[in-house]
Amino acid sequence: MNKTDKIKIPKLLVVATGNPGKLKEMQAYLADLDLQLQLKPEGLEIEETGETFLANARLKASQVAQITGEWAIADDSGLAVDALNGMPGVYSARYAPTDRERISRLLRELGHTTHRKAQFVCALAIADPHGTIALEVEGICPGEILDIPKGSGGFGYDPIFYIPAETMTFAEMPRELKRSLSHRGRAFQALLPQLQKLITSQKNNG
Ligand code: ITT
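The numbering used here numbers the first residue of the sequence shown as 19 and each following residue consecutively.
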């Protein structure tokens, strides 16, 4: 897209993720907006070279927007464990090849320590069709890492992430409860009013 082209009202938003668990949750948060959602092109992988969640969310949103010529939203998220100095953090997806192996590695590295505090972090970025970041937010959800996985819902590290106030892991919770209190839920609570405003202002300018 030429830099001088007028940016059109966001009617269509490419959801720039290859993670089916994330995609489902993102689609649920975006469902009430007057936007058509589109999956990112199959096989398109953006290298996550950033050192922070926000940097990687920006990279993914910006590159997918430029490649597709459409508005794009990306999520970069992960689990930061206090006793592991914040690891796996931005390396959460690269920690081992599968969800099961990632959980096993995390539990192995934590061992029997009683210091089990951790937080899930979610950064969201929205880019316009030029690849310029229009919006970005971050959401954090504190919790604890269990000794053994519990529950079969959700995805990724959900079975070992325990919320003491709910006496449940993310994988044991009804979908709506995780949706309201998770890192992604908090990030979307911050993002949605801003996105709504952006859609309205672009419509008024158009
Ligand atoms: P995309 O980059 O294509 O979106 P990805 O899975 O590579 O997909 P990230 O780089 O953001 O995404 O890695 C996030 C990692 O953290 C990944 O292993 C997820 O399973 C995990 N994760 C993120 N949010 C989670 C959640 O709500 N519950 C459990 N695990 C989560």
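Cβ atoms here follow ideal geometry from the backbone N, Cα and C, with glycine treated the same way. Small disclaimer: the values here were computed from a predicted structure and weren't measured.
Looking at C-alpha atoms only, which residue of Ala114, Ala79, Ala136 is the closest neighbour of Leu97?
For this step, residue 97 is matched to residue 79 along the sequence shown. If we check each option's Cα against that of Leu97, Ala136 comes out closest.
For Ala34, which residues from the same chain have a beta carbon less than 7 Å from its beta carbon, with the 5 sequence-adjacent residues on both sides left out?
Looking up residue 34 in the sequence shown gives position 16. Excluding sequence neighbours, Ala34 sits near Lys58, Lys78, Ala79, Val82, Ala90, Ile91, Ala92.
From Gln45, Gln56, Ala189, pick the residue whose C-alpha is nearest to that of Ile16; which is it?
Past the boundaries of the shown model lies residue 16; the chain is included only from 19 to 224, so the question cannot be answered.
Please state if the CB of Leu124 and the CB of Ile178 are separated by a distance shorter than 8 Å.
Within the sequence shown, numbered from 1, the residue matching residue 178 stands at position 160. Within the sequence shown, numbered from 1, the residue matching residue 124 stands at position 106. In this structure, Leu124 lies closer than 8 Å to Ile178 by Cβ.
Can you tell which of Tyr109, Gly107, Leu164 has the C-alpha that lies nearest to the C-alpha of Thr132?
Numbered from 1 along the sequence shown, position 114 holds the residue referred to as residue 132. Comparing Cα-Cα distances from Thr132 to each of Tyr109, Gly107, Leu164, the minimum goes to Leu164.
Who sits around the ligand ITT, taking every residue whose Cβ is closer than 5 Å to one of its heavy atoms?
Thr35, Gly36, Asn37, Asp94, Ser95, Gly96, Ser110, Ala111, Gly174, Tyr175, Asp176
What's the gap between the Cα of Leu55 and the Cα of Gly129?
By one-based count along the sequence shown, residue 55 stands at place 37. By one-based count along the sequence shown, residue 129 stands at place 111. Leu55 and Gly129: Cα-Cα distance of roughly 42 Å.
To which residues does DSSP link Leu31 through a beta bridge?
What you label residue 31 is simply residue 13 of the sequence shown in a count that begins at 1. Leu55, Trp89.
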